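So the structure is just underneath, and the comments pick up after that.
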Amino acid sequence: MSIQNLLNSEDATGLAEWIRRGEVQPGELLEAVIDRIERVEPQLNAVAERLYDSAREAARTARPGEGVFAGVPTLVKDLFSPVNGAAMTNGSLAQGSFRADFDAELVTRLRRAGCVIVGTSTSPEFGTSYSTESSRFGATRNPWNTHHSAGGSSGGAAALVAARVVPFAHGNDGGGSLRVPASCCGVFGLKPSRGLLPSGPMIGEGWAGMGTPHAITLSVRDSAALLDATAGIDLGAPYAAPTQMQPYVAALQRDPRPLRIALVEQLGPWPTSRASVDAVRQAAMLCQSLGHHVEPVSLPVALPEFLDQVFTIIGASTRHYVDVLGQMRGVAVQPEELEARTRIILRSKGDVTGAQYAGAVEWIHALGRQLAVFMQDYDLILTPTLAREPAPIGELDLQDDSVSLEELIERFHSYSPFTALFNASGQPAMSVPLFWSAAGLPMGAHFAGRFGEESTLFALAAQLERAQPWRGRVPPVNACGL
1 MSIQNLLNSE
11 DATGLAEWIR
21 RGEVQPGELL
31 EAVIDRIERV
41 EPQLNAVAER
51 LYDSAREAAR
61 TARPGEGVFA
71 GVPTLVKDLF
81 SPVNGAAMTN
91 GSLAQGSFRA
101 DFDAELVTRL
111 RRAGCVIVGT
121 STSPEFGTSY
131 STESSRFGAT
141 RNPWNTHHSA
151 GGSSGGAAAL
161 VAARVVPFAH
171 GNDGGGSLRV
181 PASCCGVFGL
191 KPSRGLLPSG
201 PMIGEGWAGM
211 GTPHAITLSV
221 RDSAALLDAT
231 AGIDLGAPYA
241 APTQMQPYVA
251 ALQRDPRPLR
261 IALVEQLGPW
271 PTSRASVDAV
281 RQAAMLCQSL
291 GHHVEPVSLP
301 VALPEFLDQV
311 FTIIGASTRH
321 YVDVLGQMRG
331 VAVQPEELEA
341 RTRIILRSKG
351 DVTGAQYAGA
361 VEWIHALGRQ
371 LAVFMQDYDL
381 ILTPTLAREP
391 APIGELDLQD
401 DSVSLEELIE
411 RFHSYSPFTA
421 LFNASGQPAM
431 SVPLFWSAAG
441 LPMGAHFAGR
451 FGEESTLFAL
461 AAQLERAQPW
471 RGRVPPVNAC
481 GL
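Quick note, the sequence shown lines up with residues 1 to 482 if you use the UniProt record's numbering.
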């Protein structure tokens, strides 16, 4: 079988097995991925920086079998995830030409697993948008329809995986940034529990612990295997999730016991579209057909108050980062260097007091406890990932900084009202690509589990993947030559 045909059909676990057997060489696999990047990149605009020279050296020295993904190419998201020698722009013109001289701990673990880092993927400025559009890189486009967004903030990663350039790509998630693009692009995205994966050494706690890294993958087993390879606290971590007695991939080998699933179709003051309601109801019916009990419920959450607290944390964190950036470069960051969305957040929440910040952190931790009590009666919560189909390019790309913070929140969170809750609570959550709209756009089903119970999510995801496979669905913009 040709290398290109292997990349068309195999996930990362399968590719690593071909390499381990000596039937594929890491170097030839890398060159095939480079060719695929160049084939789709003009249409998608998903790569922040090509790292071909260092990738070729890594492939040359790769040792098949040393690491679960030995010789498999991937990309790292360009957002607070330093890769030694690569530009780290965080999607912002204000970052200038900064290049990291060290790896994030998670990047170190990806390398230890054998991954070959072929580039970095795009992100919106500071990761605060559900669409990957920035003044630095422009718009990253959805391979299912390039007039639509690939989602954000891990939109570059999702677009490349969906287009079959690579079978998985690193991302991170502070309010839905893995799950939203996974939904938009028709691939699998899991946000792990708070403290399960390392954020250091650059980040102590992203957004008061709401942020966590992981990946967007084509298959469920790749996500589980990646988590097995990278999970565990790093030195000095402020949080720690429970460790698992069994590997996460073991959860894929058996169907889960019958689960009690709480179905939430609506959250907050903004309506869920008919298409999203239909999609989540179909997901509920699929779960019921597999033997699970689904019960419609309402969540005990005051969404506008919750989002106000979240943006207190985001605003203070953004102000801190912009100040540090100014100190690093020796010149304060000026407002005109930042995008309108960032200026709005800083204007409204950039000067909150320490007491206000502490109060917001206490508020979200109280919400986490409230949801933990709710989860005593349910194994999972099922919602739409998004309240409607993927947004058109430009709809979420604010250019006018006279917009109020309340208007900004409505624009973004009427689109994604469900995902950020589980960053605040620290619960694991995933978007599963089960349905496509009449217009041919993906619409993910979103499941959240109990804290530290990723295995339950993986077991259900694998069951859903077997019942309703998605890997055969390839978008019009793809690297397969279709």
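Yeah, the Cβ is synthetic: ideal placement off N, Cα and C, and Gly gets one too.
For clarity, every value in this text was computed on a predicted model and none was experimentally measured.
For residue j and residue i, the rounded distance between their alpha carbons
i: Ser-81; j: Gly-315; result: 20 Å
i: Thr-122; j: Arg-36; result: 17 Å
i: Phe-311; j: Ile-345; result: 8 Å
i: Leu-44; j: Ala-355; result: 43 Å
i: Ala-433; j: Val-83; result: Note on residue identity: the sequence assigns Pro, not Ala, to residue 433. C-alpha separation (whole angstroms): 30 Å.
i: Arg-221; j: Val-166; result: 15 Å
i: Gln-4; j: Asp-351; result: 52 Å
i: Val-361; j: Gln-309; result: 8 Å
i: Thr-272; j: Ala-420; result: 16 Å
i: Asp-379; j: Ala-162; result: 29 Å
i: Gly-472; j: Arg-347; result: 46 Å
i: Trp-144; j: Met-443; result: 12 Å
i: Arg-341; j: Pro-392; result: 18 Å
i: Pro-366; j: Ser-416; result: Residue identity differs from the one stated: residue 366 is Ala in this sequence, not Pro. Going from the Cα of Ala-366 to the Cα of Ser-416 covers about 22 Å.
i: Trp-470; j: Glu-295; result: 26 Å
i: residue 512; j: Gly-22; result: Any property of residue 512 remains undetermined from this structure, which presents the chain solely from 1 to 482.
i: Pro-181; j: Gly-394; result: 16 Å
i: Arg-260; j: Ser-289; result: 13 Å
i: Gly-232; j: Asn-423; result: 18 Å
i: Met-202; j: Pro-192; result: 19 Å
i: Gly-481; j: Thr-132; result: 25 Å
Beta-carbon proximity check, residue i vs residue j, cutoff 7 Å
i: Ile-381; j: Ala-241; result: no
i: Val-33; j: Pro-73; result: yes
i: Arg-109; j: Thr-230; result: yes
i: Gly-138; j: Arg-50; result: no
i: Ser-177; j: Ser-154; result: yes
i: Asn-478; j: Arg-164; result: yes
i: Cys-185; j: Ala-208; result: no
i: Leu-75; j: Ala-169; result: yes
i: Phe-435; j: Ala-279; result: yes
i: Ala-448; j: Gln-427; result: yes
i: Leu-190; j: Met-375; result: no
i: Ser-129; j: Leu-396; result: yes
i: Ser-135; j: Leu-93; result: yes
i: Gln-463; j: Asp-228; result: no
i: Ser-455; j: Ala-251; result: yes
i: Gly-171; j: Glu-125; result: no
i: Ser-425; j: Leu-460; result: no
Closest Cα partner of residue i within the set the options
i: Asp-78; options: Glu-105, Gly-156, Thr-128; result: Gly-156
i: Leu-218; options: Gly-206, Asp-11, Trp-270; result: Asp-11
i: Ser-97; options: Leu-286, Ala-479, Met-328; result: Met-328
i: Ala-205; options: Arg-56, Asp-173, Asp-228, Leu-226; result: Ala is not the amino acid found at residue 205; the sequence shown has Glu there. Minimum Cα distance to Glu-205 is reached at Asp-173.
i: Gln-95; options: Met-1, Asp-323, Glu-28, Gln-25; result: Asp-323
i: Ala-225; options: Thr-318, Ala-459, Thr-13, Leu-457; result: Thr-13
i: Pro-267; options: Leu-299, Leu-398, Asp-255, Ser-317; result: First, the amino acid is wrong: residue 267 is Leu here, not Pro. With distances taken between Cα atoms, Leu-267 lies closest to Leu-299.
i: Pro-390; options: Ser-404, Gly-440, Gln-246; result: Gly-440
i: Val-116; options: Asn-90, Ala-55, Gly-67, Phe-126; result: Ala-55
i: Arg-179; options: Pro-201, Leu-460, Gly-152; result: Gly-152
i: Arg-411; options: Asn-423, Ala-424, Leu-386; result: Leu-386
i: Glu-337; options: Asp-401, Gln-253, Leu-196; result: Asp-401
i: residue 496; options: Ala-438, Gln-25, Glu-465; result: The chain is shown only over 1 to 482; residue 496 falls outside these bounds and no answer can be derived.
i: Ala-62; options: Pro-42, Val-24, Gly-85, Gln-253; result: Val-24
i: Leu-405; options: Ala-104, Gln-334, Pro-304; result: Pro-304
i: Pro-247; options: Phe-306, Tyr-321, Phe-458, Asp-53; result: Phe-458
i: Leu-307; options: Ile-364, Ser-317, Val-333, Arg-343; result: Ile-364
Residue i burial status per 10 Å Cβ neighbour count (16 or more: buried)
i: Leu-235; result: exposed
i: Met-88; result: buried
i: His-293; result: exposed
i: Val-40; result: buried
i: Phe-102; result: exposed
i: Val-249; result: buried
i: Arg-194; result: buried
i: His-413; result: buried
i: Ser-2; result: exposed
i: Gly-175; result: buried
i: Gly-452; result: buried
i: Ala-59; result: buried
i: Met-285; result: exposed
i: Met-245; result: exposed
i: Gly-368; result: buried
i: Pro-198; result: buried
i: Ala-302; result: exposed
Expected contact under 8 Å - CB spacing of residue i and residue j to nearest Å
i: Arg-20; j: Ala-100; result: Not really, about 31 Å apart at Cβ, beyond 8 Å.
i: residue 496; j: His-446; result: Any property of residue 496 remains undetermined from this structure, which presents the chain solely from 1 to 482.
i: Ala-113; j: Val-187; result: About 20 Å separates the two Cβ atoms, so there is no contact after all.
i: Val-264; j: Val-297; result: 6 Å
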